[in-house]
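According to our numbering, the stretch in the sequence shown is residues 507 to 1138, in order. We put the beta carbon where it would ideally sit given N, CA and C, even for glycine. Working notes for the structure below.
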Amino acid sequence: MSTGLNARRVSVSALLACSILPVWAGSGAQAAADAEALQLIVVTATRIPTPEAELASSVTVVTADEIAAQQQRTFADVLRNIPGLNVVQQGGPGSVTSVFMRGTSSNHTKVLVDGIDVGDPSNANAAFDFGQLLTADIERVEVLRGPQSGLYGSDAIGGVINVITRSGSGPMKAAASVEGGSFNSFNQTIGLSGSQNAFHYAANVAHLHSGTTPVTPLDLLGPGEQRNDDYYDNFTVSTKLGLDVTPSFDLGLVARYTSTHLNYTGEDFSTFPALPAAEQSESNTDEYYGRATARLALLKGALNQTLGVAFMRNQTATLQPQTPETLNAGERVKVDWQGALRLAGSETLLLGVEDARDEISQPLSASTRIDSGYVELQSRLGGHWYSALNARYDDNDRFGGKLTWRIAPAWVSTATGTKLKASVGTGFKAPTLSELFQDFPQFLFFANPNLRPESSVGYDAGIEQGLAGDRLRVGATYYHNRIRDLIAADATGTTWANVGRATTDGVESFIACQPARQLTLRLDYTYTEATDDVLQQELLRRPRHKGTLSADWQLTQALRLDLNALAVSHWVDGNRDFSIARLDAPGYTTVNLAAALDVTRTFTVFGRLDNLFDRRYQNPVGFLQPAFGVFA
């Protein structure tokens, strides 16, 4: 249940499951007014606020209202239903979670939280662990698919995921929620937000506990061995502050701290094949994120500038049975400036520079510095043609310079409700500090300081069509990515080298409709082919078929139901310890149902059923996913 003090009840709109559809209205004029008021604005695709209708890029926006309606407590849960993404979680809540976007690798997605690059330098592949982020303070999520290094630099081969947390405005509002349920789970949140004169604020504290999540399949246990369930605790505190010094100048500060503890079952490599260890391992992680900004508008608002300083640090201590504790620590400091100048006519020129330093301090000390600059021209021509052209140069003190770019035009007909879109661009992934400098002499494996960045070229083209007064909307996008210089072990198996090549192709399609004012439906289907061009075989953990169905039904003014179904086809994976490198993993289908009842204007009771039909499945192979669960 949840309660809010002086909180305004958020009404339901068609922005929930079909974010591009307007609410039905009694007259055409009112419908047009509603559509204009509900126009979806996206920031990530061009780095400046742009109506979604004008974008050629494939982007999915998830709002705080949608997250609350579906009662999704972890960020991994939010991402599962997004087209083009395959989420792989090695167990229950808190376990290592990876995202494969459009068939690219798990470290080919740039992840931002309030403008902070949160890719983990201490991680061997520098990927972000999606399993540690809670949703309590998230205002919106923008998922941008396709190569985006022309604006965002390294990591953005598959795309960008941008998380924006809640800001404060208006009278002070307090909100709290408590939830318990299956697997000995317990979830609590409390938040405070508002504004006073020129000062606005938001603060949030969240705690998630899961105590008995079975992860290890029974058939993998040794003779007489008992299964140990996963145990997870996550404590997160965050704040966002702002001060409007003048109408054209403001200051901002965001800060976030997450502390997690996970007990999990590792592998006993004293046997072959390795068996699940009889004793559990323990992982303790501390994450620190912060960013300060100063924004200045000049020339009567025609020039908007932002200066930012960001810091992030991740530190993970791991204790395995019969093994000394290991510590991994990494941090990033970035200074950035961006200016957006509105030119004569309908064009906007965007300029930006960045200076970033990545460093690891455990288990070894190493660092790298990247100086970057980018430019973009965004144009609107005749009310039908829209385009964004950008280019970026990154100067890395280890491998030198890298130039990337992107061209993204779109044509929109308001008369027929048709949108044609296309884009082509390049991406790259810089070698990680571990790949460059970390040796493993006990395994006769050594770093390679001469690695080049992984590089890609990708394009997509699609169509979206509104029908029945835009109450029905359909669309499809074809995409293709060609990736070269992938970093993998060389032929000797003793060091890293740029020896890999891969190609990914696919289609993302959707049908969104609102058959009644109170009911919104959306169906998404993604087809993916991801091929290792060297070995001519399918890449691991990229299912060919994925479908999602979402239904949002406001039964009464107070009662709301949300249903989400996810269907994933078979895919290729290794077994748990990869003693079998390739096997066929069966697909699965899950259904979740959530309900919420507003008892009063400030008091809501809610509950949900996860994995409604108790589907038993593994993803990845060797790791059980949670069975049927009840939460309220």
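- Boundaries of the beta strand (DSSP E) around Ala897: 891 to 902.
- Taking a 10 Å sphere around the C-beta of His1076, we find fewer than 16 other C-beta atoms and assign the residue as exposed.
- The beta carbon of Thr832 sits closer than 6 Å to the beta carbons of Thr824 from its chain, once the five residues preceding and following it are set aside; these are given in chain order.
- Pairing Trp911 with Glu793, the inter-Cα distance amounts to about 32 Å.
- Cβ neighbours of Gly758 within its own chain (closer than 6 Å, five residues either side excluded): Gly748, Thr799.
- Pairing Gly665 with Leu939, the inter-Cα distance amounts to about 22 Å.
- In the DSSP assignment, Val602 is bridged to no other residue.
- Sequence-distant Cβ neighbours of Leu724 in its own chain, meaning closer than 7 Å and more than five residues away, are Arg733.
- The criterion of a C-beta distance shorter than 8 Å is not satisfied by Arg904 and Ser655.
- For the region 948 to 984, the continuous beta strand (DSSP E) assignments of 3+ residues that do not extend past its boundaries occur at 960 to 973, in sequence order.
- The Cβ atoms of Leu1072 and Thr1106 do not sit closer than 8 Å to each other.
- The region 705 to 720 makes contact with the region 734 to 747: 3 or more CB pairs, one atom from each, lie closer than 8 Å.
- The residue among Ala704, Phe778, Gln811 with its C-alpha nearest the C-alpha of Arg553 is Gln811.
- When DSSP states are grouped into helix, strand and coil, Gly1128 belongs to the coil group.
- About 5 Å separates the CB atoms of Tyr1031 and Ser1015; that is less than 8 Å, so the two are in contact.
- Between Thr671 and Ile644, the C-beta gap is smaller than 8 Å, which places the two residues in contact.
- Fully contained in the region 653 to 738 are the following alpha helix (DSSP H) runs of length 4 or more, in chain order: 655 to 658.
- Inter-residue distance for Ala803 and Gly845 is about 9 Å (C-alpha atoms, whole angstroms).
- Judged by pairs of C-beta atoms under 8 Å, the region 1082 to 1102 touches the region 1115 to 1131, as three or more such pairs exist.
- Between the region 577 to 591 and the region 911 to 923, the count of C-beta pairs closer than 8 Å stays below three; the two stretches do not touch.
- Leaving aside the five residues that flank Ala783 on each side, the residues in its chain whose CB is nearer than 7 Å to its CB run, in chain order, Thr771, Gly772, Glu773, Asp774, Pro827.
- Excluding five sequence positions before and after Ala704, the CB atoms of its chain that fall closer than 8 Å to its own CB belong to Leu749, Asp750, Val751, given in chain order.
- Pairwise C-beta distances place the region 564 to 579 out of contact with the region 610 to 627, as fewer than three of them are shorter than 8 Å.
- Here Val669 is actually not in contact with Val565; their C-beta atoms are around 14 Å apart, not less than 8 Å.
- Thr722 and Leu781 have their C-alpha atoms roughly 10 Å apart.
- Here DSSP, grouped into helix, strand and coil, assigns Ile573 to helix.
- For Val584, the enclosing alpha helix (DSSP H) starts and ends at 581 to 585.
- For the set Lys935, Asp1083, Ile573, Ser699, the Cα lying nearest the Cα of Arg990 is the one of Lys935.
- Restricting attention to beta strand (DSSP E) runs no shorter than 3 residues, the region 620 to 649 encloses none.
- Looking at the DSSP output, Asp861 shares a beta bridge with Val841, Asp877.
- Judged by pairs of C-beta atoms under 8 Å, the region 1037 to 1050 does not touch the region 1059 to 1070, as fewer than three such pairs exist.
- Contact between Arg1114 and Ala1100 holds, with the beta-carbon distance rounding to 4 Å and staying under 8 Å.
- Counting only runs of 4+ residues, no alpha helix (DSSP H) is found wholly inside the region 980 to 1029.
- A Cβ-Cβ distance of about 19 Å is found for the pair Ser789 and Arg762, leaving them out of contact under the 8 Å criterion.
- In the three-state reduction of the DSSP assignment, Ala1036 falls in the strand class.
- For Asn987, same chain residues with a beta-carbon under 6 Å away, outside a window of 5 residues either side, are Ser962, Gly964, Thr1010 in chain order.
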